[in-house]
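Residue numbers (our numbering): 1 to 252. Yeah, the Cβ is synthetic: ideal placement off N, Cα and C, and Gly gets one too. These figures come from a predicted structure and were not determined experimentally.
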C-alpha cells in the first residue's frame, strides 16, 4: 500500500506536533530547530507585506519581535532569547545571511529587509540508513513544498509543508507516524465503511514505519528537492541529478 501524507488533513496539526517534539530534545537541537522556524516566520512576514504593493522596503525589528513572541507562544523576551541563543537583533544579524539590519536615521529604531534566497539547482539526495545512530545523529532540513521525501522500501512518502522543518531523521519519521495515526484515528471513527477500511490500512502501515525507527534492516531516505534547499549533515549522502527523477516521481 502506498502511503502519501501530503494530504492537507494529515498536515493540519503537523506544526503543533513538531513543537512538542522540539521540547523533548536537548537545548542545542531545540535552538537549531527553533532558529529554522523563526527564520521561516520572519521571511514569510516580510514577503507577505512587501508584495502588498504599498512600497514597503523594510520592517521594524522591534515590532516583528513582539509579533513573534505572541505568535510562537513565548511568555516573554527572555524565554525567546533562550531559544535563539541570544537577542532577536543579534539573531537577525548573525543567523540570517539574507537579512540586512540597519538603524533608521529618522526614528533611531532598527529596521530590516530580506533579500530573496537564490534559487539553487534542483537535485535528489540519497542517504542509506544502516544503524540507529544514522537516524539519531543526522539532522535533515526538510524544505517547504514542493520538496518530497520517500522511503522506497515502504512505498512511503511525505511532502514538504508550508514552512521548512529542521530535525533529526528519527524525529521526522516520528512526526510522520503521529500525523498518520491521527488521520487514521479520524477515519476509523467515521460511519462510512470505506473510510474505516482506509483507517485500518493506515494503522497497519504505521506499524511498518515503526520498524524503520528500530532500523531492523537498512533502508533509503530519498529526497526529491526541486529547489535545492534540503540538507542532510552526512558525508555519505549521494547527490543525484533531478532530471533522473522525472520518470520516477510516481514512486514518491
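Cβ-Cβ distance between residue i and residue j below 8 Å
| i | j | result |
| --- | --- | --- |
| residue 159 | residue 148 | yes |
| residue 103 | residue 112 | no |
| residue 237 | residue 131 | no |
| residue 176 | residue 212 | no |
| residue 139 | residue 167 | yes |
| residue 180 | residue 206 | yes |
| residue 114 | residue 221 | no |
| residue 49 | residue 110 | no |
| residue 226 | residue 209 | no |
Neighbour-count burial assignment, residue i, 16 or more Cβ in a 10 Å radius
| i | result |
| --- | --- |
| residue 183 | buried |
| residue 189 | exposed |
| residue 233 | exposed |
| residue 127 | buried |
| residue 171 | buried |
| residue 200 | exposed |
| residue 218 | exposed |
| residue 156 | buried |
| residue 136 | exposed |
| residue 34 | buried |
| residue 134 | buried |
| residue 23 | Residue placement at residue 23 is poorly supported in this model, since its pLDDT is 43, which falls under 50; the coordinates are not used for a value here. |
Simplified DSSP assignment, three categories, for residue i
| i | result |
| --- | --- |
| residue 191 | coil |
| residue 23 | The pLDDT assigned to residue 23 is 43, lower than 50, so where the model puts this residue is not dependable; a value taken from the coordinates is nonetheless given after this. DSSP places residue 23 in helix when its eight states are reduced to three. |
| residue 241 | strand |
| residue 212 | helix |
| residue 233 | coil |
| residue 119 | coil |
| residue 100 | strand |
| residue 80 | helix |
| residue 72 | coil |
| residue 110 | strand |
| residue 175 | helix |
| residue 220 | strand |
| residue 91 | helix |
| residue 58 | coil |
| residue 13 | In this prediction, residue 13 has a pLDDT of 46, which is less than 50 and means its spatial position is unreliable; what the coordinates show is noted afterwards. It is coil, neither helix nor strand. |
CB contact check: residue i to chain D, cutoff 8 Å
| i | result |
| --- | --- |
| residue 154 | The displayed structure is made up of one protein chain only, and chain D is not part of it. |
Close-in-space but distant-in-sequence residues of the same chain around residue i (CB under 8 Å, 5 per side omitted)
| i | result |
| --- | --- |
| residue 68 | 38, 41, 42, 74, 80 and 88 |
| residue 116 | 47 and 98 |
Neighbourhood of residue i by C-beta distance below 7 Å, restricted to the same chain and skipping five residues each side
| i | result |
| --- | --- |
| residue 239 | 123 and 125 |
| residue 230 | 125, 141, 142, 143, 147 and 223 |
| residue 228 | 120, 121, 122 and 123 |
| residue 64 | 42 and 45 |
6 Å Cβ shell around residue i - same chain, five flanking residues per side excluded
| i | result |
| --- | --- |
| residue 84 | 91 |
| residue 76 | none |
| residue 36 | 164 and 166 |
| residue 72 | none |
The ligand ADP heavy atom lying under 7 Å from the CB of residue i
| i | result |
| --- | --- |
| residue 223 | The model depicted lacks the ligand ADP and carries no ligand whatsoever. |
Residue ranges of each beta strand (DSSP E) within the segment 134-172, 3 or longer: DSSP runs (the beta strand (DSSP E)) wholly in the segment 134-172: 139-142, 148-151, 156-159 and 165-168.
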